[in-house]
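Data block below; observations after.
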Ligand SMILES: Cc1cc2nc3c(=O)[nH]c(=O)nc-3n(C[C@H](O)[C@H](O)[C@H](O)COP(=O)(O)OP(=O)(O)OC[C@H]3O[C@@H](n4cnc5c(N)ncnc54)[C@H](O)[C@@H]3O)c2cc1C
Ligand SMILES: Cc1cc2nc3c(=O)[nH]c(=O)nc-3n(C[C@H](O)[C@H](O)[C@H](O)COP(=O)(O)OP(=O)(O)OC[C@H]3O[C@@H](n4cnc5c(N)ncnc54)[C@H](O)[C@@H]3O)c2cc1C
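Protein chains in written order, with the UniProt record's numbering: chain U, 1 to 529; chain G, 1 to 529.
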């Protein structure tokens with residue numbers, strides 16, 4: 001989180017606005033705001049005796065969901081997937097699984113136990129990701145609550161508080177206290193008299209007192225809300241000494257950890273599929289009539305008069321297939337290397353999409369030492385390159401656990417990890433972990449690393465476009481070129497989330513319905529039968 | 001939460017301080033602050049050929065844990081329990097279970113399904129309740145994360161925003177925005193120049209901007225952190241219109257919902273035993289050598305020269321038993337009706353403990369309609385008497401669910417519910433529920449109500465003492481009278497939490513060790529074998 005401006009930060013999480021030129025109301029587009037979602041688009045059913053065909057390029061979440069909805073409308077689908085496995089960025093690894101990093105293939109060495117898995121890509125689902133939740137329900141993917149933020153976890157900044165980790169609850173409570181104290185002071189010295197009636201000023205002071213847990217005189221002297229230095233079960237609680245205002249302003253907490261539970265996509269409570277995020281992929285595969293063709297790397301895409309023609313390579317051999325429609329889930333930055341007859345403008349649009357550098361480390365820990373420290377899930381934040389530690393919140397009190405030991409999206413920081421050897425990465429992560437949990441290293445049994453920018457058939461994560469390119473090309477890419485539709489989170493406004501991938505297929509299928517002359521409509525929140 | 005002063009509120013949750021006369025450091029008392037807990041007190045083991053005896057009065061969490069630790073040291077324990085069931089306030093009901101309300105016995109009508117249960121008493125465990133977590137681990141009680149606060153849930157106040165429920169995330173985000181805007185304004189008009197250097201003032205302004213998501217000019221115009229009025233997956237996000245400062249100051253949110261995740265005992269993430277809180281009781285019973293004697297109501301307690309003599313009634317018959325020591329888990333306000341030979345001072349101390357009026361309603365809902373609305377656990381807050389709605393966060397996407405439809409601890413409000421008939425209670429709850437979720441009533445299949453002040457052998461919950469009484473008596477009650485030890489959350493500083501009950505036994509066993517001439521020590525975080 002450190003060394004990253006607020007703008008970059010918001011842009012990573014997809015919360016930044018953009019040029020107002022493109023801004024249109026959702027209703028004008030026939031789209032639904034979050035809380036009016038009523039299920040996936042129903043594709044116009046094929047007429048009797050006619051089985052339309054579709055090629056789906058890439059078996060990511062977008063490809064899989066597109067195929068499922070098309071099959072439900074009677075289409076015959078072929079899914080071509082370059083990798084040895086379906087799922088794309090939705091990757092969960094367990095004992096024996098391969099991590100297909102280019103130049104550094106890894107085999108996961110976790111013990112063979114159900115609870116020892118790691119979500120290399122997506123790991124959390126907020127309650128307002130309606131499309132994804134619809135599919136979890138329809139595909140019988142069991143969910144559980146995932147503790148994404150823990151007040152018991154730590155914040156650590158080498159340059160703050162002498163480098164000593166501090167519990168987030170202390171930091172968080174002190175921030176509220178210090179802010180409230182200032183607000184109280186201002187209100188008390190008539191600062192808001194122009195703005196508010198006398199009565200409201202006094203309400204504001206009461207508010208500050210409550211919000212920040214101030215004394216009757218508007219002072220912040222620490223708060224029992226952040227715990228106690230005594231055993232509060234058998235004695236009066238005694239608050240920790242509060243952080244100084246100056247120290248607080250100098251620390252990186254307030255643009256890092258403090259926002260950790262504030263952004264809409266991180267809004268508590270979050271969820272996760274029981275047993276690993278790839279349960280979503282498995283759910284799709286279970287309900288799809290035709291399984292994806294694996295190890296099938298697309299090399300050419302041609303729009304023809306009455307369909308699309310695609311050539312792929314499998315085991316050194318080239319195959320050419322045709323279909324009425326094509327839905328392309330391939331990361332756009334690979335399209336430059338795939339022969340095609342798209343318009344120059346469409347091609348430039350695809351080229352303008354750049355990749356993010358996300359990097360994760362996961363360690364198998366021989367003991368869930370963090371639980372002895374009161375931590376049951378959530379995230380610790382640090383100024384070190386590892387950026388975050390995530391504690392598993394499932395299988396509480398099990399002996400071992402998989403700890404996320406690094407999660408960084410700052411391209412410079414990730415690039416440094418990418419350049420290291422496997423051993424160097426694991427060691428660097430261990431050294432940083434020690435700063436938050438002294439003794440950390442001695443619990444490590446083994447580890448894996450996932451540099452998404454070096455993962456085969458991915459080479460990056462998320463869509464990144466300049467504002468200019470966005471304005472110029474994005475709308476274009478949301479429309480089909482001939483009978484070729486781009487899909488994937490890259491084609492949504494919310495890249496980096498499976499919900500965006502699902503929205504992209506929804507959008508493409510709406511466009512398909514237009515071509516088919518159907519009314520655009522959302523289905524009932526239907527169950528797959 | 002409404003109509004209850006902040007002071008009362010803090011006192012309910014046990015966060016209030018007290019007279020400093022009693023304040024002593026924990027270390028001086030030999031106690032451990034939260035983060036240095038290392039397991040329960042090891043009672044001095046009985047010497048060979050000698051089996052000391054103990055009577056435990058009441059099979060609440062305090063009684064059960066005391067018995068377990070005594071048995072581990074070689075004591076012969078008899079647990080006398082007045083009710084037909086062990087567990088005391090730790091009560092989970094399922095299909096067919098009896099709710100022993102005096103004058104209104106109920107049988108729980110929930111469908112017979114594992115996920116349809118209701119925790120009538122305790123329902124959540126924070127990560128810093130080390131004693132309880134120790135026992136969960138040692139007794140193999142499986143835990144899961146419980147979503148205690150949900151930003152997607154609602155806040156409703158008849159007198160605010162035209163009585164329209166608002167999502168907590170909007171309220172919460174707007175509060176941050178409005179506070180930050182005021183702070184920014186103050187800093188900008190040199191309000192803090194005496195306090196802070198120029199550089200720090202500008203940091204403070206940046207801080208406010210980040211904290212509240214203000215514009216570059218320090219204005220709060222709503223925030224994408226609270227969601228969007230557009231479909232943000234396929235369009236630019238557009239924030240909801242923010243609440244007006246005046247409206248915010250007038251609403252009851254800031255002393256209710258706003259604190260819902262702030263107090264130490266509600267600090268995220270919270271946990272719950274899988275399948276119901278009574279798993280803790282079952283865990284104790286599994287490891288206890290001697291099961292509690294049920295339907296055994298204690299009538300007399302006499303301290304004798306070399307032990308304690310207790311008389312209880314069972315099935316109309318009186319029995320007198322003796323033991324070397326007695327640990328008394330009976331709610332103190334019943335002691336006035338139990339014959340004894342305690343000192344007048346000790347008796348007055350027991351008499352000074354008053355009862356709280358907690359009241360809950362639970363409905364079986366034929367559909368988990370809240371999940372369609374993006375809510376997966378957590379609490380909605382209302383100005384209506386029902387005070388709170390709790391959504392289950394376990395068994396996500398199941399068909400039915402048990403919803404907590406009222407939870408109030410304001411004695412006046414609870415008393416009103418207590419005075420109603422069963423049908424009136426359920427109906428009142430339904431009417432209030434409608435204000436938050438239109439259509440609420442039509443999902444209700446059946447319901448139960450739990451007025452703790454009318455529950456047999458309980459008649460209240462929690463310890464309430466005036467500050468004067470506390471100062472006068474509390475220390476006394478923490479010490480044994482002869483060989484009689486009071487236990488229960490009532491004897492801890494943290495009544496209303498199982499952790500307090502466990503702490504009380506720990507304390508009593510420490511005192512016992514003193515009598516036995518042992519060194520007072522905490523054990524290793526030992527597993528029951
Ligand atoms: C570290 C990380 C954390 C994340 N966290 C979350 C989270 O918590 N929650 C969440 O919802 N989302 C999260 N995401 C985002 C989520 O993973 C993506 O939004 C989603 O999986 C994208 O799906 P997709 O179908 O758009 O693309 P992809 O999954 O990238 O699918 C593209 C597919 O195309 C295939 N392909 C590539 N080249 C070819 C070719 N030439 N021929 C054929 N096939 C080809 C690839 O192998 C791949 O299967 C995270 C992602 C990462 C990397
Ligand atoms: C609505 C509610 C919500 C709560 N929420 C939480 C929570 O979320 N988390 C948490 O940790 N705690 C919570 N608590 C508190 C928790 O339930 C108590 O702290 C704990 O259960 C108290 O245990 P105890 O052993 O002290 O007393 P009790 O459980 O009250 O045990 C006393 C026992 O004595 C018995 N008895 C009474 N009279 C006699 C007699 N004459 N002879 C013999 N036996 C007798 C009773 O039947 C009972 O079994 C909640 C309580 C309530 C009511």
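Note that CB positions come from ideal geometry on N, CA and C, so glycine has one too.
- Taking all protein chains shown into account, residue 286/U has fewer than 16 neighbouring C-beta atoms within 10 Å of its C-beta and is therefore exposed.
- For a Cβ distance threshold of 8 Å, residue set 127, 128, 267 of chain U lies close to residue 152/G, ordered along the chain.
- Annotation: residue 113/U has no Cβ neighbours in chain G at a cutoff of 8 Å; minimum Cβ distance is about 15 Å.
- Chain-order list of chain U residues neighbouring residue 169/G: 267, by C-beta distance under 7 Å.
- Around residue 377/U, the beta-carbon contacts reaching into chain G at under 7 Å are 145, 269.
- Taking 8 Å as the cut-off, the beta carbon of residue 405/U is found closer than this to the beta carbon of residue 429/U.
- Distance from the CA of residue 326/U to the CA of residue 379/G, rounded to the nearest whole angstrom, comes to 45 Å.
- Taking C-beta atoms as the reference points, residue 218/U and residue 193/U fail to come closer than 8 Å.
- Contact between the stretch 224-232 of chain G and the stretch 168-187 of chain G is present: three or more C-beta pairs spanning the two stretches fall below 8 Å.
- Taking a Cβ-Cβ cut-off of 7 Å, the neighbours of residue 203/U in chain G comprise 249, given in sequence order.
- Counted as a single uninterrupted DSSP element, the alpha helix (DSSP H) harbouring residue 170/G occupies residues 168-188.
- Residue burial is scored here from C-beta neighbours: residue 319/U has fewer than 16 other C-beta atoms within 10 angstroms and is therefore classed as exposed.
- Residues of chain U whose Cβ lies closer than 8 Å to the Cβ of residue 499/G are, in chain order, 233.
- When DSSP states are grouped into helix, strand and coil, residue 471/U belongs to the helix group.
- Taking the C-beta atoms as reference points, residue 432/G is found nearer than 8 Å to residue 384/G.
- In this structure, residue 358/G has its beta carbon less than 7 Å from a heavy atom of ligand 2.
- Rounded to the nearest whole angstrom, the C-alpha separation of residue 79/U and residue 100/U is 20 Å.
- At a cut-off of 8 Å, the C-beta of residue 374/G has a neighbouring C-beta in chain U.
- Annotation for residue 267/U indicates a beta carbon at 7 Å or more from all heavy atoms of ligand 2.
- Within the DSSP secondary-structure output, residue 304/U pairs in a beta bridge with 307/U.
- Residue 53/G sits in a strand when the DSSP states are folded into three classes.
- Taking 9 Å as the cut-off between beta carbons, the residues of the stretch 250-265 of chain G near chain U are 250, 254, 255, 258, 259, 261, 262, 263, 264, in sequence order.
- Relative to the non-hydrogen atoms of ligand 1, the Cβ of residue 452/U comes within a distance shorter than 7 Å of at least one.
- Sorting 204/U, 237/U, 41/U, 393/U by C-alpha distance to the C-alpha of residue 134/U places 41/U at the top.
- Remark: C-beta atoms of residue 447/U and residue 364/U approach each other more closely than 8 Å.
- According to DSSP, residue pairing for residue 382/U in a beta bridge involves 156/U.
- According to DSSP, residue 203/G shares a beta bridge with no other residue.
- Proximity of the beta carbon of residue 385/U to ligand 2 is not indicated: no heavy atom of the ligand is located closer than 7 Å.
- Relative to the Cα of residue 479/G, the nearest Cα in the group 143/G, 444/G, 515/G, 452/G belongs to 515/G.
- Burial is judged here by how many other beta carbons sit within 10 angstroms of a residue's own beta carbon; residue 90/G has at least 16 and is buried.
- Contact annotation: in the stretch 281-293 of chain G, no residue has its CB less than 8 Å from a CB in chain U.
- By the C-beta criterion, the stretch 322-338 of chain U is judged to be in contact with the stretch 49-59 of chain U, since at least 3 inter-stretch pairs fall below 8 Å.
- Judged by beta-carbon spacing, residue 503/U lies beyond the 8 Å limit of residue 124/U, meaning their Cβ atoms are not closer than that value.
- Beta-bridge analysis with DSSP links residue 444/U to 365/U.
- Shown here for residue 455/G: same chain residues with a beta carbon closer than 7 Å to its own, the five before and five after excluded, namely 100, 101 in chain order.
- In this structure the stretch 473-493 of chain U does not lie against the stretch 208-217 of chain G, because fewer than three pairs of beta carbons, one per stretch, are closer than 8 Å.
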